[in-house]
Amino acid sequence: MRGIGQFFAVMLMAAAAFPLAAGADEAKVKPAPTQRWSIAIHGGAGVIPRGSLTPAEESAYRQGLSDALAAGSAVLKAGGTSLDAVEAAVKVLENNPLFNAGKGAVFDAEGKNQLDAAIMDGTTLRAGAVAGVSATKNPIMLARAVMEHSPHVLLSGSGADQFAREQHIEQVDPSYFRTEKRWQQYLEWKKGRNSASLDPTHRFGTVGAVAVDVNGHLAAATSTGGTTGKRWGRIGDSPLIGAGTYAYHNDCAVSATGTGEYFIRESAARQLCDRVRWRNQSVADAAKDTIASIGAIGGDGGLIAIDGKGEVAFAMNTEGMYRGRVSAADETPRVAIYADEVIAGR
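The sequence shown runs -24 to -1, 1 to 322 under mature numbering (1 follows the signal peptide of the UniProt record, and there is no 0).
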């Protein structure tokens, strides 16, 4: 028995003598994350039949989508967070005058650009949003600042721009957002024409992104200029958490685009996640059923969604939606415009 006691005493002394070394060895052999990253984006939905865009316009839209995918995927490839990835992708779309967000935003009834955006971290359920911003170059950056540096979720109007200045987020003269195309649409609207017929190829212009990173964390982001001729401080679904933007743990992340009032009434983004979470639907089935529920009450548009495994879903009840995806499993960016286009790969 004495020999056994001496053996255990020696072993205990050895363990006590080298605790740091053992910890260091564990750190060296700790396996790297095995989750595959994935990101999807959209640039708005609408009446986009084949032939409605010139070859040059179609090429420009596809390139714009590819550029946004490149920005978001670069973050994910480097091991960055899904939150950083969706912000990076949306910033590219905000800076592209083709899309109704940031630089290409439409004009409201008073001839001004009023911008909305939201972002949400599925892991923590933190969210930030802004509405009616008029001087912040990239509203999605401001939405994230609201999430990370304020006790609030949603700021609006001049207060949101003031918060942006306090956070040292780049400000621009409101004229920065003006594009001739959007101005001409506004003038047509002022003539009394049906605003729904303006720019039918980009009728519901909103941009967004959803992503999952190598740690399995989900995030969603959305940004928009709203609708041409909007009045009375109208706010759509984009900056409303649970309506146009939502992310929940490792279940799903969603960004929507369409007739915002209907997406709000159906709590579209949250509804999709609840279908995945509570009904055990696939993200594809949940997206399809959510769009069906919006169509049933008269709404039009589309959405993108992703689950914790990186499965991506696109759903729409319009003739098209500017959209794209790329993942670690297929690093070739895949983009599409028309409803009958199938994005290959996973």
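Every residue, glycine too, gets a C-beta built ideally from N, C-alpha and C.
Item to check | With 16 other Cβ atoms within 10 Å as the buried cut-off, status of Asp175 | outcome: Unreliable placement is indicated for Asp175, whose pLDDT of 48 sits below 50; the coordinate value is still reported in the next sentence. Per the 10 Å Cβ criterion, buried.
Checklist entry - Rounded to whole angstroms, how far is the Cβ of Ala229 from the Cβ of Val186, which I believe are closer than 8 Å? => result By a beta-carbon distance limit of 8 Å, Ala229 contacts Val186. Their separation comes to about 4 Å.
Next on the checklist: Looking at Gly78: is its Cβ nearer than 7 Å to the Cβ of Ala223?
Outcome noted: no
Item to check | Val318 versus Gly296, Ala44, Leu52 and Glu63, residue with shortest Cα-Cα distance | outcome: Gly296
Checklist entry - Gln138: buried (16+ other C-beta within 10 angstroms of its C-beta) or exposed? => result exposed
Checklist entry - Looking at the structure shown, is Asp97 part of a helix, part of a strand, or coil, going by DSSP? => result strand
Next on the checklist: For the beta strand (DSSP E) containing residue 367, name the first residue and the last one.
Outcome noted: The requested residue 367 does not occur in the structure, where the chain is confined to residues -24 to 322.
Checklist entry - Any idea if Ser151 is buried or exposed, counting beta-carbon neighbours within 10 angstroms, 16 or more meaning buried? => result Here Ser151 is exposed, its C-beta having fewer than 16 other C-beta atoms within 10 Å.
Checklist entry - Are the stretch 102 to 110 and the stretch 211 to 219 touching, with three or more C-beta to C-beta distances below 8 Å? => result yes
Checklist entry - When the Cα atoms are used, what is the spatial distance from Ala85 to Gly201? => result Roughly 13 Å between the two C-alpha positions.
Checklist entry - Of the residues Ser243, Ala195 and Val109, which one's Cα is nearest the Cα of Gln147? => result For the residues Ser243, Ala195 and Val109, the minimum Cα distance to Gln147 belongs to Val109.
Checklist entry - So, is Asn242 buried or exposed, given that buried needs 16 or more other C-beta atoms within 10 angstroms? => result For the record, residue 242 in the displayed sequence is Glu; it is not Asn. It is buried - the Cβ of Glu242 has at least 16 other Cβ atoms within 10 Å.
Checklist entry - Where does Arg207 land, buried or exposed, given buried means 16+ other C-beta within 10 angstroms? => result exposed
Next on the checklist: Less than 7 Å between the beta carbons of Gly20 and Tyr298, yes or no?
Outcome noted: Yes.
Next on the checklist: Here's the rule: buried if 16 or more other CB atoms are within 10 angstroms of the residue's CB, otherwise exposed. What is Ala312?
Outcome noted: buried
Checklist entry - What are the boundary residues of the alpha helix (DSSP H) that includes His125? => result Pro115 to His125
Checklist entry - Taking Cβ positions, are Val259 and Asp283 nearer each other than 7 Å? => result yes
Item to check | Sequence-distant residues of its chain with Cβ nearer than 7 Å to Gly55 (five each side left out) | outcome: Val190
Item to check | Selected residue, minimal CA-CA separation from Thr233, among Asp261, Met292 and Arg251 | outcome: Met292
Item to check | Thr30 versus Glu142: straight-line alpha-carbon distance, rounded | outcome: 44 Å
Next on the checklist: If I measure Cβ to Cβ from Gly274 and keep anything under 7 Å in the same chain, skipping five residues before and after, which residues do I get?
Outcome noted: Tyr238
Item to check | Under the three-state DSSP convention, the category Ile240 falls into | outcome: helix
Checklist entry - According to the Cβ coordinates, are Ala44 and Ile280 closer than 7 Å? => result no
Checklist entry - Between the beta-carbon of Ala181 and the beta-carbon of Asn76, is there less than 7 Å? => result Going by the sequence as given, residue 181 is Gly instead of Ala. Their beta carbons are under 7 Å apart, which means Gly181 touches Asn76 by this criterion.
Next on the checklist: Judging by CA-CA distance, which residue of Ala140, Lys285 and Ala245 is the nearest neighbour of Ile270?
Outcome noted: Ala245
Checklist entry - In whole angstroms, what is the alpha-carbon distance linking Gly278 and Ser35? => result For Gly278 and Ser35, the distance between alpha carbons rounds to 21 Å.
Checklist entry - What residues in its chain sit with their C-beta under 6 Å from that of Gly40, if we drop five residues either side in the sequence? => result Only Asn72 and Leu74 meet the Cβ criterion.
Next on the checklist: Does Val190 come out as helix, strand or coil in the three-state DSSP assignment?
Outcome noted: coil
Item to check | residue 324 in three-state terms, based on DSSP | outcome: A query on residue 324 cannot be resolved here, the shown segment of the chain reaching from -24 to 322 and no further.
Item to check | Expected contact under 8 Å - CB spacing of His193 and Thr308 to nearest Å | outcome: Actually they do not touch by this definition, with Cβ atoms about 24 Å apart.
Next on the checklist: Given a cut-off of 7 Å on the beta-carbon distance, is the pair Ser199 and Pro127 in contact?
Outcome noted: In this structure, Pro127 does not lie closer than 7 Å to Ser199 by Cβ.
Checklist entry - According to the Cβ coordinates, are Arg38 and Tyr314 closer than 7 Å? => result no
Next on the checklist: Suppose contacts are defined by Cβ-Cβ distances below 7 Å. Is Ala64 in contact with Leu52 by that definition?
Outcome noted: no
Next on the checklist: For Val129, which residues in the same chain have their Cβ closer than 8 Å to its Cβ, ignoring the five residues on either side in sequence?
Outcome noted: Ala103, Gly104, Ala105, Val122, Met123 and Ile217
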